[in-house]
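**Student:** My structure is below; once you've seen it, I'll send some questions.
Residue numbers (the numbering used here), protein chains in the order written: chain A, 1 to 114; chain R, 115 to 226.
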């Protein structure tokens, strides 16, 4: 079984500030990990994914995430927030290598203050 | 390339009424997923199809929910009868085999 915990249901940052969204996972097998973004009234869009290659993963829109096995974490970062980054972000885990059956966290809503 | 198409986008019904949602996956994608997303929550898988076969429907409440994927392309998810607690967003996603999932915009259901 696998699970995801996202710390902070709502995060606010100033435009230009660092974005840090936290995700911790639990998995009985080597995990695949994902970050998705959801804009209002839209479906989920894949930002980036970790599939056991490089531990630092770069995604779209300037986001990146680092897989830390010792901390069971996969936090999402962006050096400089933009107004267009305001959205809800979901971390997800696939507990079986090669399978994309996803278990999602509850999401973190990111607000960007001008 | 067209993405995953869902209709309707919004639906308001009274409790005990039936409702159906339709999904057209990305062309060539043989795997189709239906997710339930409650307010303030992440999506939860209801059912997964590989071609015409429902390979994982363990989370589908079978007393009132049903789904079909005739010919392995479009899919329909039905609720009969709807309850107040069914108010949520119903997301459809598709993938090629077990690859990356692409999500549709969802259908927002309100049961009054």
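We put the CB at the ideal spot given by N, CA and C, even for glycine.
Please read these numbers as outputs of a predicted model, since none were measured by experiment.
(1) From the beta carbon of residue 44 of chain A, is the nearest beta carbon of chain R less than 7 Å away?
(2) Does any CB atom of chain R fall closer than 7 Å to the CB of residue 59 of chain A?
(3) Does the distance from the CB of residue 218 of chain R to the CB of residue 120 of chain R come in under 7 Å?
(4) Under 9 Å between beta-carbons, which chain A residues line up against residue 186 of chain R? List them in chain order, please.
(5) Assess, as a yes-or-no matter, whether the segment 13-23 of chain A is touched by the segment 76-85 of chain A under the definition of 3 or more beta carbon pairs within less than 8 Å.
(6) Starting from residue 130 of chain R, follow the beta strand (DSSP E) in both directions and report where the run begins and ends.
(7) Looking at the structure shown, is residue 41 of chain A part of a helix, part of a strand, or coil, going by DSSP?
(8) From which residue to which residue does the beta strand (DSSP E) around residue 108 of chain A run?
(9) Listing by chain order, which chain R residues have their CB less than 7 Å from the CB of residue 48 of chain A?
(10) Which two residues bound the contiguous beta strand (DSSP E) that contains residue 71 of chain A?
(11) Taking the alpha carbon of residue 54 of chain A as the point to measure from, which residue in A/46, A/64, A/60 has its own alpha carbon closest?
(12) When the distance is taken between beta carbons, is residue 161 of chain R closer than 7 Å to residue 148 of chain R?
**Tutor:** Taking the coordinates as given:
(1) yes
(2) no
(3) yes
(4) Ordered by position in chain A, no residue passes the 9 Å Cβ test against residue 186 of chain R, which lies about 18 Å from the chain.
(5) yes
(6) Note, residue 130 of chain R: premise wrong, no beta strand (DSSP E); not H, not E.
(7) coil
(8) 108-113
(9) Per Cβ cutoff of 7 Å: no residues; residue 48 of chain A is ~11 Å from chain R at best.
(10) Per DSSP, residue 71 of chain A belongs to no beta strand (DSSP E) and is neither H nor E.
(11) A/64
(12) yes
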